[in-house]
Amino acid sequence: MCFGGVLLLFTPTPALILGAWLVCLRVVSRRSWRQLSFLLMVPVLVVLPWLARNYRVFHKPVFLRDNLGLELAVSNNPCATFSLDLNRERTACFTSNHPNESYEEALRVRTLGEPTYNEMRLHAAMS
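Residues in the sequence shown are numbered from 0 upward in steps of one, following numbering that gives the first Met the number 0.
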């Protein structure tokens, strides 16, 4: 289960799998919810220092950092094409939309903060 906690530090996707695994254990092995809650606490304790760090840095609860909003906004906008090479070289779409390439976008990340910036980009990508 420590591996599950470490895996959660890399990406939050395994949280669904860990949850499903605990439900399967409950159904198949008839273990009590108390026993299963111990199995759930191990990954939570592994991730807890990172959660505390995120709260200290971002001044609001952030489960795990992600850049889904940014990636969706970069790949789903009017100038984006199917190829990163084309987006970077011919249309400069990636260069003008990603904070690693655009000074203006990097300033927006710095000004707004990473969580707020990613939320804003997610809303832009969805609309």
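All C-beta atoms in this analysis are idealised placements derived from N, C-alpha and C, irrespective of residue type, glycine included.
Since the structure is predicted, the reported quantities are computational estimates derived from the model, not experimental observations.
Worksheet item: Considering only residues of the segment 6–54, which uninterrupted alpha helix (DSSP H) runs meet the minimum length of 4 residues and lie entirely inside it, listed in chain order?
Response: 13–28
Worksheet item: Between Y128 and the rest of its own chain, which residues show a CB-CB distance below 7 Å, the 5 nearest in sequence each way excluded?
Response: This structure cannot speak to residue 128, because the chain is shown only from 0 to 126.
Worksheet item: Ends of the alpha helix (DSSP H) at S74?
Response: 67–74
Worksheet item: Is there at least one Cβ from chain C nearer than 8 Å to V46's Cβ?
Response: Annotation note: the requested chain C is absent from the structure, which comprises a single protein chain.
Discussion item. Taking the beta carbon of L83 as the centre, do at least 16 other beta carbons fall within 10 Å, making it buried, or is it exposed?
Written reply: exposed
Worksheet entry | Nearest to H58 (by Cα), restricted to the options L38, L7, E113 | E113
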